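**Student:**
Protein chains: 2
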Amino acid sequence: MSYATDLTETSASRAASTDTAPSQVHKPGQCTRANEVISLVGDKWSVQIVMLLGTGRHRFMEIKRAIEGISQKMLTVTLRGLERDGYVTRTVYPTIPPKVEYELTDLGLDLLEPLRALGSWALANHDRVVAARTAYDARAKAK
Amino acid sequence: MSYATDLTETSASRAASTDTAPSQVHKPGQCTRANEVISLVGDKWSVQIVMLLGTGRHRFMEIKRAIEGISQKMLTVTLRGLERDGYVTRTVYPTIPPKVEYELTDLGLDLLEPLRALGSWALANHDRVVAARTAYDARAKAK
DNA sequence: TCCCCTAGTTACCTCGACGAAACCCAAGGG
DNA sequence: CCCTTGGGTTTCGTCGAGGTAACTAGGGGA
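So the protein sequences, as listed, match chains Y and L.
Residue numbers for the first sequence follow UniProt numbering, so the first one is 1 and each next one is one higher.
Residue numbers for the second sequence follow UniProt numbering, so the first one is 1 and each next one is one higher.
(1) By the criterion of Cβ-Cβ separation under 9 Å, what are the contact partners of Gln72 (chain L) in chain Y?
(2) Can you tell me the Cβ-Cβ gap for Lys64 (chain Y) and Leu53 (chain Y), rounded? I've got them flagged as a contact below 8 Å.
(3) Given this structure, state the Cα-to-Cα distance separating Asn125 (chain Y) from Ile38 (chain Y), to the nearest angstrom.
(4) Apart from the five residues just before and just after Leu107 (chain L), which ones in its own chain have a Cβ nearer than 7 Å to its Cβ?
(5) Hey, Gly119 (chain L) and Ala34 (chain Y) are a contact pair by Cβ (cut 8 Å); roughly how many whole angstroms apart?
(6) With DSSP run on the structure shown, which of helix, strand or coil describes Glu103 (chain Y)?
(7) Are the beta-carbon atoms of Thr78 (chain Y) and Trp45 (chain Y) separated by less than 7 Å?
(8) If we cut at 7 Å on Cβ distances, does Tyr102 (chain Y) have a partner in chain L?
(9) Can you tell me which of the three DSSP states Arg90 (chain L) falls into?
(10) Where Asp127 (chain Y) and Leu111 (chain L) are concerned, what is the direct C-alpha to C-alpha distance, given to the nearest angstrom?
(11) Nearest-angstrom Cα distance between Ala140 (chain Y) and Met51 (chain Y)?
(12) Go through its chain and collect everything with a Cβ distance to Glu113 (chain Y)'s Cβ below 7 Å, but skip five positions before and after it.
(13) What does His126 (chain Y) pair with, by DSSP beta-bridge criteria?
(14) What are the residues in the segment 128 to 141 of chain L lying within 7 Å of chain Y by C-beta distance?
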């Protein structure tokens, strides 16, 4: 493992070719730590919510209506997770129709930057991916 | 939806507050398209493989030994997916112990950049997340 | 009177992601 | 004769993510 995020990563190829050391040439710690955070991105809903909250403070039902497709349960679960990880704050107004507002913390705002980078990359290169996909499928079908 | 990757996104809040239009004020297309690409990041293995291939060309068994924990099946499935989406190329040498090499395409190399950004962010902010997590758990337990 | 609104929680169920392990070919080594 | 090696495919089983629906509170509107 060990992503070589900005380290000079010659260890991966070395480990695979030499193979004398069992499999511990990489630093598994880094990979694990990175994954712990990156796995949030896999969450189907977390990214969308963080992106939405990037536009400012929002109420629960606002988010639910904005995300379209998310269930009540998953919204609460996801928001709890984001709160636990320190990305959002939850503010409860004990009025009688309850009112809860969610807002990004500094950490959440920080996360927004690489997330937006990934998002705009995705938007920009979407067509390339679709083209590759159809080309691949055509090739596979022709075979 | 609509991530507001770099657009001025006032529509999300507007849609939630006005609520006159059913739910189509955002541009759902962008969100869907972005997700289509971002969902790759959720794949538990795709990111690791792309990162590893960022260090150069690699053989199947090399990758399998380097990733540690991936099963034969998931490696083939993930690599096929990455090949289909145009991120990696698959080169078969029809020798008699078979030899297959995987390498990032230009698209894959392009993806590497936002991925590394996210990865180094994750590494840099891992501690903040863990701290928030333990603080939250302590608060929850004390309640 | 009854329903709806907000922000949840809970129980139940489904379905797909993923792992484990067996099987494949063909050549080469003991 | 069997094992190994590389790069798979296939089958089977599990487990958890996530959806659905019903419940909670109290006040306002028809």
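Every residue, glycine too, gets a C-beta built ideally from N, C-alpha and C.
Bear in mind that the values here come from a model prediction, so they are computed numbers and not experimental data.
**Tutor:** Taking the structure as given:
(1) Position 72 of the second sequence, counting from 1, holds the residue named residue 72 (chain L). The CB of Gln72 (chain L) never comes closer than 9 Å to any CB in chain Y; the least such distance is about 16 Å.
(2) Taking the first sequence and counting its residues from 1, the one referred to as residue 64 (chain Y) is at position 64. Taking the first sequence and counting its residues from 1, the one referred to as residue 53 (chain Y) is at position 53. Contact between Lys64 (chain Y) and Leu53 (chain Y) does not hold, since the beta-carbon distance rounds to 13 Å and is not under 8 Å.
(3) In the first sequence, residue 125 (chain Y) corresponds to position 125, counting from 1. In the first sequence, residue 38 (chain Y) corresponds to position 38, counting from 1. Cα to Cα, Asn125 (chain Y) sits roughly 21 Å from Ile38 (chain Y).
(4) Reading the second sequence from its first residue, position 107 is the one you call residue 107 (chain L). Within the same chain, Leu107 (chain L) has close Cβ partners Gly86, Tyr87.
(5) Translated into the one-based positions of the second sequence, residue 119 (chain L) becomes position 119. Translated into the one-based positions of the first sequence, residue 34 (chain Y) becomes position 34. So it is a contact: roughly 5 Å between Cβ atoms.
(6) By one-based count along the first sequence, residue 103 (chain Y) stands at place 103. Assignment of Glu103 (chain Y) by DSSP, reduced to helix, strand and coil, places it in the strand class.
(7) By 1-based counting over the first sequence, the position of residue 78 (chain Y) is 78. By 1-based counting over the first sequence, the position of residue 45 (chain Y) is 45. With a cutoff of 7 Å on beta-carbon distance, Thr78 (chain Y) and Trp45 (chain Y) are scored as near each other.
(8) Stepping through the first sequence from its first residue, residue 102 (chain Y) is reached at position 102. Proximity of Tyr102 (chain Y) to chain L, defined by a Cβ-Cβ separation below 7 Å, is not satisfied.
(9) Start at 1 with the first residue of the second sequence, and residue 90 (chain L) comes out as number 90. In the structure shown, Arg90 (chain L) sits in a strand (DSSP, three-state: E or B).
(10) Counting from one through the first sequence, the residue named residue 127 (chain Y) turns up at place 127. Counting from one through the second sequence, the residue named residue 111 (chain L) turns up at place 111. Near 14 Å, if we compare the C-alpha coordinates of Leu111 (chain L) and Asp127 (chain Y).
(11) Stepping through the first sequence from its first residue, residue 140 (chain Y) is reached at position 140. Stepping through the first sequence from its first residue, residue 51 (chain Y) is reached at position 51. Looking at the two C-alpha atoms, the distance is approximately 37 Å.
(12) Looking up residue 113 (chain Y) in the first sequence gives position 113. For Glu113 (chain Y), there are no CB contacts under 7 Å within the same chain when 5 residues up- and downstream are skipped.
(13) Translated into the one-based positions of the first sequence, residue 126 (chain Y) becomes position 126. The partner list for His126 (chain Y) (beta bridge, DSSP) is empty, contrary to what the question assumes.
(14) So the close ones are Arg128, Val129, Ala132, Arg133, Tyr136.
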